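Engineer:
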Amino acid sequence: GIYAGAGIGLSMLDGDVQNDPFYALRGGVDIEVFPGLHLDVSVQYRFNDKNDLKDQDTEIDADTLYLGAALRLSL
Numbered sequence: 074g075i076y077a078g079a080g081i082g083l084s085m086l087d088g089d090v091q092n093d094p095f096y097a098l099r100g101g102v103d104i105e106v107f108p109g110l111h112l113d114v115s116v117q118y119r120f121n122d123k124n125d126l127k128d129q130d131t132e133i134d135a136d137t138l139y140l141g142a143a144l145r146l147s148l
């Protein structure tokens, strides 16, 4: 079936947890190709309100788009 979700998390850089959280949106489709074999195709978008990292002088564009696919075997 089709699924979607949203979440929030914290990043780590060199063992230090960053102050500003990131936000994530994910959606995908899970298709049963054969009995017991599923194909899961998804896309995830992560972004931050602030792009500066703690103890760093550089601002970066931390928006990221992940595309993924997985084959899953049901036993």
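Each position in the sequence shown, counted from 1, maps to that position plus 73 in my numbering. Glycine residues also receive a C-beta, built at the ideal position from the N, C-alpha and C atoms. None of these values were measured; they are calculated from a predicted model.
Within the continuous beta strand (DSSP E) that includes Ser147, where are the two ends?
Structural biologist: The residue you call residue 147 lines up with position 74 of the sequence shown. Careful: Ser147 lies outside any beta strand (DSSP E) and carries neither H nor E.
Engineer: Nearest-angstrom Cα distance between Ala77 and Gly141?
Structural biologist: Sequence index remark: in the sequence shown, residue 77 carries index 4 (1-based). Sequence index remark: in the sequence shown, residue 141 carries index 68 (1-based). Rounded to the nearest angstrom, the two C-alpha atoms are 14 Å apart.
Engineer: For Gly101, count neighbouring Cβ atoms within 10 angstroms of its own Cβ and tell me buried if that reaches 16, exposed if not.
Structural biologist: The residue labelled residue 101 in the question sits at position 28 within the sequence shown. Counting Cβ neighbours within 10 Å, Gly101 comes out buried, since at least 16 surround it.
Engineer: How close, in whole Å, do the beta carbons of Leu146 and Gly109 come, if the pair is a contact with beta carbons under 8 Å?
Structural biologist: On the sequence shown, residue 146 is found 73 positions in, with the first residue counted as 1. On the sequence shown, residue 109 is found 36 positions in, with the first residue counted as 1. Confirmed, about 6 Å.
Engineer: Please name the residue, chosen from Asp93, Ser115, Ile75, that lies closest to Ile81 on a Cα-to-Cα basis.
Structural biologist: Stepping through the sequence shown from its first residue, residue 81 is reached at position 8. Measuring from the Cα of Ile81, the nearest candidate turns out to be Asp93.
Engineer: What distance in whole Å lies between the Cβ atoms of Ala143 and Arg119, which are believed to be in contact at a cut-off of 8 Å?
Structural biologist: Within the sequence shown, numbered from 1, the residue matching residue 119 stands at position 46. Within the sequence shown, numbered from 1, the residue matching residue 143 stands at position 70. Not quite, the Cβ-Cβ distance comes to about 18 Å (not below 8 Å), so this is no contact.
Engineer: If we ignore side chains and look at the alpha-carbon of each, how far apart do Tyr139 and Arg99 end up?
Structural biologist: Taking the sequence shown and counting its residues from 1, one reaches residue 139 at position 66. Taking the sequence shown and counting its residues from 1, one reaches residue 99 at position 26. Going by the C-alpha atoms only, they are around 9 Å apart.
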